[in-house]
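Heads up: the structure comes next, in structure tokens.
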Amino acid sequence: MRNNSTQNPKSNNFIDSVEITNDTLTSRGGLSLFVRYLRNVGLMPHLESEFGSIRKSRKGQAVTEIFKQLFCFFLDGTSRHLVYFDALKRDEGYAASIETEPEQMLSSHAIKRFFKAIYWPTMQVFRAVLLQLFLWRLQLVKPVLIMLGLDTMVMDNDDALKRHGVKPTYKNRKGFQPLQLNWGGFIIDALFRAGDKHSNHGQDVEKMLRRIVAAIRKHYDAEVAIVLRLDSGFFDQKLFKVFEELQIGYICGGKLYDDVKSYVSQCDESYWGHYEHSDQIWRFIELGDRRGNWKQFRRAIFCSPLCEDRQYVFKFERPDTIIYTNLGMGSAVDQKLEACGRSDLFAPQVLIQSYHERGSDELVNRALKDFGFEQLPFKRFGHNAAFYYTMIIAFFLYEAFKLDVCSPVVKASAYATTVRRKLIDVAAKVIRHSGKIILKVTEATFQALEFLQLWEKGSAPPRFVWQS
């Protein structure tokens with residue numbers, strides 16, 4: 005019976021007491037990689053130049069130091085409350101991991117004063133920084149086709165106290181509903197809006213697209229092909245005219261009017277095509293459609309799913325969709341696509357696949373919410389807008405950090421929760437020796453994360469260049 009005992013009475017591994025250590029320890033050792041990346045990528049001096057006027061006294065912290073601590077706060081993700089800065093201010097290990105002197109750590113009151121000092125015209129500076137970051141990544145990747153996605157994101161603040169701009173959204177929850185333009189995993193432009201502003205509110209979409217397309221043409225490539233994917237919330241002839249004027253392609257969901265459904269129901273079976281992709285099968289037919297006040301016909305593809313996830317769908321349960329596009333119509337964007345070898349986008353099967361891949365654009369919103377948070381801390385709309393834009397810039401830098409530094413350890417598509425568990429939440433010790441500050445991690449962590457390689461990549465990232 006003694007041999008079957010689950011407890012060894014001779015073990016010397018029991019902890020008998022707890023004590024305080026004076027060693028500088030941190031549970032966020034991975035943040036040092038992110039801070040090193042921020043320091044070497046070259047963005048911080050430009051943030052100082054653009055936002056330096058906010059600082060009213062030399063007694064306060066430098067704007068770059070404030071942004072650094074805010075970016076680390078978002079990546080850390082431990083808390084969404086600003087009072088968490090008070091706890092961090094007392095944590096010397098955290099301060100050491102982000103390369104900040106303990107007395108320079110910001111309190112929650114300092115953070116609140118910073119955002120309250122930002123006036124509404126400054127929001128355009130945030131958007132200018134986002135645009136510059138986008139142009140920086142374009143110069144690195146050099147794509148021959150720029151595929152953009154446009155969508156709104158509902159930020160649920162339903163349980164928050166009354167605050168400016170929190171209004172009912174289409175999801176029957178009160179909150180904000182910013183308009184966001186993304187490229188791959190990056191949000192490249194955003195417009196912070198109240199919750200009752202629908203997708204195609206006012207001239208927001210037109211102004212955003214004109215601004216982005218002009219920047220791409222001027223600073224990247226005047227002849228690059230640009231294609232925009234949108235859902236049916238942006239179905240508007242006025243927008244289509246703008247896209248055609250800008251010579252960009254669009255793949256947009258439409259509204260299923262009764263005359264369209266009546267027409268396709270009478271079409272002979274020989275006009276219908278089939279498209280299979282992965283576990284899905286679609287039945288589709290091409291149309292030339294002109295709505296009541298339209299002055300021209302536009303290409304439309306009516307499609308109906310026959311099979312989803314290897315399960316056939318009854319006819320009365322099929323979520324039919326109609327897609328409108330200007331691709332394959334002999335326009336200027338077609339010539340740009342042919343020049344870059346992407347004429348395959350003219351085929352209806354590829355258009356259907358591309359439109360349904362718009363779900364990957366919506367995953368960017370999910371990734372942003374996983375990285376940051378929906379509930380914003382201030383009562384005034386302008387202060388929350390500044391906080392939102394800071395979160396968007398932090399998210400962009402986090403996505404760039406994953407690609408430029410973390411790729412050996414985590415996938416580029418990994419959510420922030422995964423990155424935090426694998427890379428950021430690392431126990432480390434910071435020591436001073438021979439005039440040097442050294443970060444120490446366990447050998448198991450050093451080997452598993454290839455920490456030296458990450459450290460070297462963070463020391464020499466692609467340099468950010470501000471386009472004038």
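Going by this note's numbering, the letters in the sequence shown line up with residues 5 to 472, in that order. We treat Cβ as the ideally placed atom computed from N, Cα and C, and that holds for glycine. Just so it is clear, the structure is predicted and the values come from calculations on it, not from any experiment.
Check your understanding: When you compare only the Cα positions, how much space is there between Met159 and Gln181?
Key -> Looking up residue 159 in the sequence shown gives position 155. Looking up residue 181 in the sequence shown gives position 177. Going from the Cα of Met159 to the Cα of Gln181 covers about 6 Å.
Check your understanding: Under 9 Å between the Cβ atoms of Leu349 and Ser358?
Key -> As a working mapping, residue 349 is identified with position 345 in the sequence shown. As a working mapping, residue 358 is identified with position 354 in the sequence shown. Against a cut-off of 9 Å, the Cβ pair of Ser358 and Leu349 comes out as a contact.
Review point. Do you know offhand how far Arg177's Cα is from Tyr275's?
Key: Sequence index remark: in the sequence shown, residue 177 carries index 173 (1-based). Sequence index remark: in the sequence shown, residue 275 carries index 271 (1-based). When rounded, the distance between both Cα atoms is 43 Å.
Practice item. Just the C-alpha distance for Ala431 and Gln451, rounded to the nearest angstrom, thanks. Key: Within the sequence shown, numbered from 1, the residue matching residue 431 stands at position 427. Within the sequence shown, numbered from 1, the residue matching residue 451 stands at position 447. Roughly 14 Å between the two C-alpha positions.
Check your understanding: Any idea which residues DSSP pairs Tyr328 with across the strands?
Key -> Numbered from its first residue, the sequence shown carries residue 328 at position 324. Answer is Cys256, Ala304.
Exercise for review: Using alpha carbons as the reference points, say which of Gly97, Lys265, Glu210, Ala226 lies closest to Lys444.
Suggested key: To locate residue 444, count along the sequence shown from 1; it is residue 440. Ranking the options by Cα distance to Lys444, first place goes to Gly97.
Review point. Can you tell me where the alpha helix (DSSP H) with Ala390 in it begins and where it stops?
Key: As a first step, residue 390 must be located in the sequence shown, where it is residue number 386. Unbroken alpha helix (DSSP H) run through Ala390: 385–405.
Practice item. Going by DSSP, name the residue or residues bridged to Lys433. Key: The residue given as residue 433 occupies position 429 in the sequence shown. In DSSP, Lys433 forms a bridge with Leu29, Lys444.
Check your understanding: Straight-line CA distance for Arg62 to Gly56?
Key -> Numbered from 1 along the sequence shown, position 58 holds the residue referred to as residue 62. Numbered from 1 along the sequence shown, position 52 holds the residue referred to as residue 56. About 11 Å.
Point to revise | Beta-carbon contacts of Ser101 that lie in its chain and below 8 Å, excluding the five residues immediately before and after | key: Mapped onto the sequence shown, residue 101 falls at position 97. So the list reads Thr30, Arg32, Gly33, Leu35, Ser36, Val39, Ala432, Val434, Leu443, once near-sequence residues are dropped.
Check your understanding: Using 8 Å as the threshold, is the stretch 223–240 in touch with the stretch 252–267, meaning 3 or more CB pairs across them?
Key -> yes
Review point. Apart from the five residues on each side of it in sequence, which residues of its chain come closer than 7 Å, Cβ to Cβ, to Phe477?
Key: Summary: the structure shown does not reach residue 477, with the chain confined to residues 5 through 472, and so no result is reported for it.
**Study point:** Minimum C-alpha distance to Pro465 - residue among Asp27, Ile24, Arg43, Gln300
**Key:** Within the sequence shown, the letter at position 461 stands for residue 465. Nearest of Asp27, Ile24, Arg43, Gln300 to Pro465, Cα basis: Arg43.
Exercise for review: List the residues that DSSP assigns as beta-bridge partners of Ile150.
Suggested key: Translated into the one-based positions of the sequence shown, residue 150 becomes position 146. Note: Ile150 sits in a beta bridge opposite Ile230.
Practice item. Report the rounded CA-to-CA distance for Tyr267 versus Glu290, giving the unit in angstroms. Key: Here the question's residue 267 lines up with position 263 in the sequence shown. Here the question's residue 290 lines up with position 286 in the sequence shown. Near 12 Å, if we compare the C-alpha coordinates of Glu290 and Tyr267.
Check your understanding: Apart from the five residues on each side of it in sequence, which residues of its chain come closer than 8 Å, Cβ to Cβ, to Ser463?
Key -> For this step, residue 463 is matched to residue 459 along the sequence shown. Cβ within range, chain order: Arg40, Asn44.
Review point. What residues in its chain sit with their C-beta under 7 Å from that of Lys440, if we drop five residues either side in the sequence?
Key: As a first step, residue 440 is located in the sequence shown; it is residue number 436 there, counting from the start. There are no such residues.
**Study point:** Whether Met127 touches Ala390 by CB criterion (9 Å)
**Key:** On the sequence shown, residue 127 is found 123 positions in, with the first residue counted as 1. On the sequence shown, residue 390 is found 386 positions in, with the first residue counted as 1. Yes; because the gap between Cβ atoms is below 9 Å, this pair is in contact.
Check your understanding: Going by the beta-carbon positions, is the gap between Ile192 and Leu135 smaller than 9 Å?
Key -> Locating residue 192 in the sequence shown gives position 188, where the first residue counts as 1. Locating residue 135 in the sequence shown gives position 131, where the first residue counts as 1. Yes, Cβ-Cβ distance for Ile192 and Leu135 is below 9 Å.
Review point. Cβ of Lys175 within 8 Å of any heavy atom in the ligand COA?
Key: Among the ligands in the structure shown, none appear at all, so the ligand COA cannot be discussed.
Check your understanding: With 16 other CB atoms within 10 Å as the buried threshold, where does Tyr328 fall?
Key -> As a first step, residue 328 must be located in the sequence shown, where it is residue number 324. Burial call: buried.
Review point. Looking at the structure shown, is Trp124 part of a helix, part of a strand, or coil, going by DSSP?
Key: Within the sequence shown, the letter at position 120 stands for residue 124. Helix.
Check your understanding: Cα-Cα, which of Val246, Ala229, Val354, Ala226 is closest to His281?
Key -> Reading the sequence shown from its first residue, position 277 is the one you call residue 281. Per the Cα distances, Val354.
Review point. Taking the alpha-carbon positions, what's the Thr104 to Ile230 distance?
Key: As a first step, residue 104 must be located in the sequence shown, where it is residue number 100. As a first step, residue 230 must be located in the sequence shown, where it is residue number 226. Between Thr104 and Ile230, the C-alpha separation is close to 42 Å.
Check your understanding: Count the other CB atoms within 10 Å of the CB of Arg302; is the residue buried (16 or more) or exposed (fewer)?
Key -> Your numbering for residue 302 matches position 298 in the sequence shown. With 16 or more Cβ atoms within 10 Å of its Cβ, Arg302 is classed as buried.
Exercise for review: Could you check what DSSP says for Gln339 in three-state terms: helix, strand or coil?
Suggested key: For the purposes of this step, residue 339 is taken as the residue at position 335 of the sequence shown. It is helical.
Practice item. Please go through the stretch 132–189 and give each complete beta strand (DSSP E) segment of 3 or more residues, from N-terminal end onward. Key: 149–156, 178–180, 183–187
Check your understanding: Of the choices Val264, Tyr261, Ile305, whose alpha-carbon is the least far from that of His278?
Key -> Residue 278 sits at position 274 when you count from the first residue of the sequence shown. Comparing Cα positions, the closest option is Ile305.
Exercise for review: Within its chain, find whatever has a CB closer than 7 Å to the CB of Asp162; leave out the 5 residues flanking it on each side and keep chain order.
Suggested key: Residue mapping note: residue 162 aligns to position 158 of the sequence shown, counting from 1. Only Arg177, Lys178, Gly179 meet the Cβ criterion.
Exercise for review: Would you mind reading off the limits of the alpha helix (DSSP H) that contains Asp293?
Suggested key: Reading the sequence shown from its first residue, position 289 is the one you call residue 293. That residue, Asp293, is in no alpha helix (DSSP H); its beta strand (DSSP E) goes 284–293.
Point to revise | Supposed close pair Val413, Leu453 - CB separation, criterion 8 Å | key: Residue 413 sits at position 409 when you count from the first residue of the sequence shown. Residue 453 sits at position 449 when you count from the first residue of the sequence shown. Their Cβ separation, rounded to whole angstroms, is 5 Å, which keeps Val413 and Leu453 in contact under 8 Å.
**Study point:** Backbone secondary structure at Pro49 - three-state DSSP
**Key:** Position 45 of the sequence shown holds residue 49. If DSSP states are grouped into helix, strand and coil, Pro49 belongs with the helices.
Point to revise | Endpoints, the alpha helix (DSSP H) within which Glu280 is located | key: Position 276 of the sequence shown, counted from the start, is the residue given in the question as residue 280. Glu280 -> not in any alpha helix (DSSP H); beta strand (DSSP E) instead, spanning 277–281.
Exercise for review: Buried or exposed for Asn26, please, with buried defined as at least 16 other CB atoms from any protein chain shown within 10 angstroms of its CB.
Suggested key: Start at 1 with the first residue of the sequence shown, and residue 26 comes out as number 22. With fewer than 16 Cβ atoms within 10 Å of its Cβ, Asn26 is classed as exposed.
Review point. Hey, Phe375 and Gly81: beta-carbon distance below 9 Å or not?
Key: The residue given as residue 375 occupies position 371 in the sequence shown. The residue given as residue 81 occupies position 77 in the sequence shown. For Phe375 and Gly81, yes; Cβs fall inside 9 Å.
Practice item. Out of Arg59, Lys116, Phe18, Asp95, point me to the one whose CA is closest to His85's CA. Key: The count along the sequence shown starts at 1 and reaches residue 85 at position 81. Checked all of Arg59, Lys116, Phe18, Asp95; the closest Cα to His85 is Lys116.
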